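Chemist: This is the structure I have questions about; it appears just below.
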Amino acid sequence: MRPALLAILLSLSVFTAAFAVNPTAAFAVNPDEILDDPVLEARARDISAGLRCLVCQNESIDSSNAPLARDLRILVRERLVAGDSDDQVRAFMVARYGDFVLLKPPLKPETYFLWFGPGAILVLGALGVALYLRRRPAASAGGAAPLDPEEKARLARLLDG
Amino acid sequence: MIARRLIYLAPVLVFAVVAGYFLWGLGPDRNPRELPSVMIDKPAPEFTADPLAGMSVPGLSTADLRTGQVSLVNVFASWCIPCRAEHPLLMNLAQRGEVAIFGLNYKNKPAEALAWLEELGNPYGRIGTDESGRIGIDWGVSGVPETFVVDGAGRIRYRHWGPIDRDAMESIILPLIEELRG
Chain A
723 MRPALLAILL SLSVFTAAFA VNPTAAFAVN PDEILDDPVL EARARDISAG
773 LRCLVCQNES IDSSNAPLAR DLRILVRERL VAGDSDDQVR AFMVARYGDF
823 VLLKPPLKPE TYFLWFGPGA ILVLGALGVA LYLRRRPAAS AGGAAPLDPE
873 EKARLARLLD G
Chain B
270 MIARRLIYLA PVLVFAVVAG YFLWGLGPDR NPRELPSVMI DKPAPEFTAD
320 PLAGMSVPGL STADLRTGQV SLVNVFASWC IPCRAEHPLL MNLAQRGEVA
370 IFGLNYKNKP AEALAWLEEL GNPYGRIGTD ESGRIGIDWG VSGVPETFVV
420 DGAGRIRYRH WGPIDRDAME SIILPLIEEL RG
């Protein structure tokens with residue numbers, strides 16, 4: 723691979739990795755929302771990164787600028803200050819907005835297909851491929867029949883040009 | 270032999286399933302922003318909302334929804350354009366007087382809400398103000414307008430997301446109110 727191309731690919735992957743680690747590089751949390759207690763604030767950030775903004779729907783409330791997201795961020799912090807556990811805060815949101823508010827869908831009978839469907843399809847596909855390969859006639863798997871003298875001569879002529 | 274041939278139908282079947290899913294997903298009647306409410310068949314959340322200043326209409330609280338009378342709770346705001354679209358339907362319903370219509374003024378400055386109601390008319394028998402939006406969150410409101418049908422026992426029976434149109438009013442909301450009163 724050419725060095726220039728390699729450099730571009732490398733920098734791209736570093737860039738993507740940085741975003742994967744910190745998807746909320748763009749801050750939506752305003753200074754006035756941040757709690758004085760760094761431990762509580764860290765928990766609040768962690769919880770709100772997993773809660774969906776109901777207005778934008780594909781953003782977490784931690785990274786959304788929508789007014790409702792701000793209200794929910796403040797509410798998360800209020801619940802934490804009041805002594806709720808992380809799960810209690812999430813349950814509070816789910817009681818109002820349903821499982822949809824959780825960016826990571828919970829594992830329960832309704833979501834089994836979501837969680838296990840891709841694996842099941844992969845296993846089914848692998849089974850199909852395995853069956854197909856086993857049933858294929860041995861001849862094609864064992865390679866073609868050797869060339870007869872006439873074919874060898876023709877091949878030699880072609881290769882010599 | 271036939272069983273072996275049936276396998277060639279599998280791609281057709283898979284295509285039909287996928288196409289059906291797309292048809293549903295892209296259908297013009299489906300709004301992907303509309304989320305199912307988890308409040309259906311649950312008691313209305315406990316709240317007390319102050320009346321709208323400058324208007325001689327009482328405020329709204331949970332107790333007002335448990336009077337044995339079917340009620341419509343409409344979440345509205347003066348900054349909400351679709352609210353303007355559904356407003357004539359609410360005015361019309363109010364004139365017929367078959368159902369109690371209550372308003373929850375969501376994240377709105379009282380003066381602006383007042384001006385809006387003075388301009389368009391007030392269909393609400395009670396108006397609760399929710400300037401912070403906290404009551405709205407307890408109702409699971411994600412945007413305005415939203416309209417809830419509450420039965421006489423104070424239980425939420427239906428939630429309409431977005432502006433009510435004539436079709437929704439006549440085919441869903443009015444029949445449901447009729448059924449709940451019956």
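For the protein sequence lines, the chains are A and B, in the order given. Positions 723 to 883 (our numbering) are the ones given, in order, by the first sequence. Positions 270 to 451 (our numbering) are the ones given, in order, by the second sequence. Think of the CB as a built atom: it goes at the ideal place given N, C-alpha and C, for glycine as much as any other residue. From a predicted model like this one, the values you see are computed outputs, not experimental measurements.
#1: Starting from V283 (chain B), trace the alpha helix (DSSP H) both ways and give me its first and last residue.
#2: Using 8 Å as the threshold, is the C-beta distance between S347 (chain B) and W385 (chain B) below it?
#3: F417 (chain B): buried (16+ other C-beta within 10 angstroms of its C-beta) or exposed?
#4: Mapping the DSSP letters down to three states, classify A318 (chain B) as helix, strand or coil.
#5: Starting from P304 (chain B), find everything on chain A with Cβ-Cβ shorter than 8 Å and list it in chain order.
#6: State the DSSP-derived secondary structure class of G820 (chain A), mapped to helix, strand or coil.
#7: Under 8 Å between beta-carbons, which chain A residues line up against V307 (chain B)? List them in chain order, please.
#8: Following the continuous alpha helix (DSSP H) through S770 (chain A), name the residue where it begins and the one where it ends.
#9: For W408 (chain B), name the three-state secondary structure that DSSP assigns.
#10: Quick check on L376 (chain B) - is its C-beta less than 8 Å from some C-beta in chain A?
#11: Give every residue of the same chain whose Cβ lies closer than 8 Å to the Cβ of E800 (chain A), excluding the five residues on either side of it in the sequence, and list them in chain order.
#12: Between V751 (chain A) and R812 (chain A), what straight-line distance do the alpha-carbon atoms span, to the nearest angstrom?
#13: Taking buried to mean at least 16 other C-beta atoms within 10 Å of its own C-beta, is Y393 (chain B) buried or exposed?
#14: Could you run through the region 791-809 of chain A and flag, in chain order, every residue whose CB is less than 8 Å away from some CB of chain B?
#15: Determine the chain A residues that contact S411 (chain B) at a beta-carbon separation under 8 Å, and present them in chain order.
#16: Taking Cβ positions only, does D310 (chain B) come closer than 8 Å to chain A?
#17: Between P379 (chain B) and the rest of its own chain, which residues show a CB-CB distance below 8 Å, the 5 nearest in sequence each way excluded?
#18: Does G431 (chain B) get closer than 8 Å to chain A when you measure Cβ to Cβ?
#19: With three or more C-beta pairs closer than 8 Å as the rule, is the region 412-432 of chain B touching the region 290-308 of chain B?
#20: Would a check of beta-carbon distances place W407 (chain B) closer than 8 Å to chain A?
#21: Take the Cβ of Y819 (chain A) as the centre, count every other Cβ of all protein chains shown within 10 Å, and call the residue buried at 16 or more, exposed below.
#22: Indicate the three-state DSSP secondary structure (helix, strand or coil) for V341 (chain B) in the structure shown.
#23: Sort out for me which residues DSSP pairs W430 (chain B) with in a bridge.
#24: Assuming contact is defined by CB atoms lying nearer than 8 Å, are L329 (chain B) and F291 (chain B) in contact in what I supplied?
#25: Whole angstroms is fine: what's the gap from R795 (chain A)'s alpha carbon to V283 (chain B)'s?
#26: Can you give me the Cβ contacts of P432 (chain B) inside the same chain, cut-off strictly under 6 Å, excluding the 5 residues immediately before and after it?
#27: Taking Cβ to Cβ, would you say I406 (chain B) is nearer than 8 Å to L797 (chain A)?
#28: Is it right to say F838 (chain A) is buried, meaning 16 or more other beta carbons lie within 10 angstroms of its own, or is it exposed?
#29: I'd like to know whether the C-beta of G402 (chain B) is nearer than 8 Å to at least one C-beta of chain A.
#30: Locate the alpha helix (DSSP H) running through Y834 (chain A), then write down its first and last residues.
#31: Is DSSP giving P789 (chain A) helix, strand or coil here?
Modeler: Quick look at the numbers:
#1: 279-295
#2: Yes, they are a contact pair.
#3: buried
#4: Here A318 (chain B) sits in strand by DSSP.
#5: The question names Pro, but residue 304 (chain B) in the sequence shown is Leu. At a C-beta separation below 8 Å, L304 (chain B) has these neighbours in chain A: L776, Y819, G820, F822.
#6: coil
#7: V816, A817, R818, Y819, G820
#8: 760-771
#9: Coil.
#10: Inspection of the sequence shows that residue 376 (chain B) is occupied by Lys rather than by Leu. For K376 (chain B), the answer is yes, since a Cβ of chain A falls inside 8 Å of its Cβ.
#11: Excluding positions up to five away in sequence, the list is empty.
#12: 19 Å
#13: buried
#14: D793, L794, L797
#15: Under the 8 Å cutoff, chain A gives L776, V777, L790, Y819.
#16: no
#17: Within the same chain, P379 (chain B) has close Cβ partners L321, A322, G323, T398, E400.
#18: Chain A contact via Cβ: absent.
#19: Result yes; three or more Cβ-Cβ pairs closer than 8 Å.
#20: Note that residue 407 (chain B) is Asp in the sequence shown here, rather than Trp. So yes, D407 (chain B) belongs to the interface.
#21: buried
#22: For the record, residue 341 (chain B) in the displayed sequence is Leu; it is not Val. If DSSP states are grouped into helix, strand and coil, L341 (chain B) belongs with the strands.
#23: B:E415
#24: no
#25: 43 Å
#26: P351, A354, E355, P414
#27: yes
#28: exposed
#29: Output row for G402 (chain B): interface = yes.
#30: 834-857
#31: helix
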